[in-house]
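Colleague:
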Amino acid sequence: MLDFGRHARTPTLDIAYADSGPADGPVVILLHGWPDAARAWNAVAARLNEAGYRTIVPELRGAGGTRFLSSDTVRDGSGVALAQDAVDLADALGIATFDVVGHDWGARAAYTISALFPERVRRMAALALAYQPRGVFELPDFSQARRFWYQWFMSLDGGPDAVAADPKGFARIQWDTWSPSGWFDEAEFAATSRAFDNPDWVPITLNAYRRRWRGDQPSDPALAASYARLAATERIGVPALMIQGGADACDEPASSEGQAHYFTAGYRRVVIDGAGHFPLREAPDAVADALIAHLA
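Just so we're aligned, residue 386 is where the sequence shown starts under our numbering, counting upward by one.
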């Protein structure tokens, strides 16, 4: 089991993270998704460690033991913010280059790191989320829009209060519906959902989703230059792997098809039949096998 007792101070955060595997191994940064916690990487990290990789697994802003240093910092939940956090963590740990693997929100961060900081990334992998060129969120078709009900709900005027009143209940609906049944038990959800007790989990969640469809969400002004660079970046020059659950009921598997032309250093897409939106938990060995082959 990963131990998240380590902490690193960055310009913005005190980041709780786990560091495991051989100290001299190639570094792989593993970024978790929403609504999930860094413990989601337990099984995959163990396999990577056995294969000789050192894994750094942070708790994202708003989750677990990670805390903002200032109450005045904008609770920006964008992929740009998550990407900067990961690079800041690497800087704090003295890591010049690394592989990065992300699931869901972490996947968005992995794409964004690769777009904005390609000189830092050896290889990248994304689970469950397709690449969004220039960081643009486009209105989905009716079929995908129905799956995004939770995003529309949070965008309503009364959505924030409803989510804040029962954040774990809101998260539980996603766990119950995004993957085929039977992939988790009550003890695992309880252990994971303790990460949602972070006082910034709700603010970061709301900012992340409402900013996609409303123009009233603040961004951290310190990230303005990165936002501008991302808006001008369409292709990624880092070798990429995309892992898609074939039974993902949140992001339709078809949404990640036909994206190879955005990746100039190579791209491979792997579909894991029967896996839903959480393949790192549902099929950890298949995910680890694909990652080890890609990172090698």
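Yeah, the Cβ is synthetic: ideal placement off N, Cα and C, and Gly gets one too.
Hey, would you say residue 655 sits closer than 8 Å to residue 677, going by beta carbons?
Modeller: Taking the first residue of the sequence shown as 1, we reach residue 655 at position 270. Taking the first residue of the sequence shown as 1, we reach residue 677 at position 292. Not in contact: residue 655 and residue 677 (Cβ atoms no closer than 8 Å).
Colleague: Measure the alpha-carbon distance for residue 548 versus residue 419 and round it to whole angstroms.
Modeller: Position 163 of the sequence shown holds residue 548. Position 34 of the sequence shown holds residue 419. So the alpha carbons of these two residues sit roughly 14 Å apart.
Colleague: Any chance the segment 439 to 457 sits against the segment 575 to 593, with 3 or more Cβ pairs inside 8 Å?
Modeller: Because the criterion of three Cβ pairs below 8 Å is met, the segment 439 to 457 and the segment 575 to 593 touch.
Colleague: I'd like to know if the segment 479 to 491 and the segment 406 to 422 are in contact, where contact means that at least 3 CB-CB pairs between them fall below 8 Å.
Modeller: A contact exists between the segment 479 to 491 and the segment 406 to 422.
Colleague: In the DSSP assignment, the beta strand (DSSP E) including residue 417 goes from what residue to what residue?
Modeller: By 1-based counting over the sequence shown, the position of residue 417 is 32. From DSSP, residue 417 is part of no beta strand (DSSP E); its letter is neither H nor E.
Colleague: Quick check: the Cα distance between residue 668 and residue 657, rounded to an integer number of angstroms?
Modeller: Stepping through the sequence shown from its first residue, residue 668 is reached at position 283. Stepping through the sequence shown from its first residue, residue 657 is reached at position 272. Cα to Cα, the separation comes out at about 8 Å.
Colleague: For residue 480, which of helix, strand or coil comes out of DSSP?
Modeller: Within the sequence shown, numbered from 1, the residue matching residue 480 stands at position 95. Three-state result, residue 480: coil.
Colleague: Measuring CB atoms only, is the segment 625 to 639 touching the segment 543 to 558, in the sense that at least three cross pairs come out at less than 8 Å?
Modeller: No: the two stretches stay apart, fewer than three of their Cβ pairs being nearer than 8 Å.
Colleague: Quick one: using the 10 Å Cβ neighbour count with 16 as the cut-off for buried, is residue 521 buried or exposed?
Modeller: Along the sequence shown, read from residue 1 onward, the residue named residue 521 stands at position 136. Residue 521 is exposed by the Cβ-count criterion.
Colleague: Which runs of the alpha helix (DSSP H), 4 residues or longer, sit entirely within the segment 583 to 611?
Modeller: Qualifying alpha helix (DSSP H) stretches, in chain order: 586 to 598.
Colleague: What is the residue span of the beta strand (DSSP E) that residue 405 lies within?
Modeller: Counted from its first residue, the sequence shown places residue 405 at position 20. 398 to 405 is the span of the beta strand (DSSP E), which, as asked, contains residue 405.
Colleague: Are the C-beta atoms of residue 505 and some chain C residue less than 8 Å apart?
Modeller: Here chain C cannot be found, since the structure has a single protein chain.
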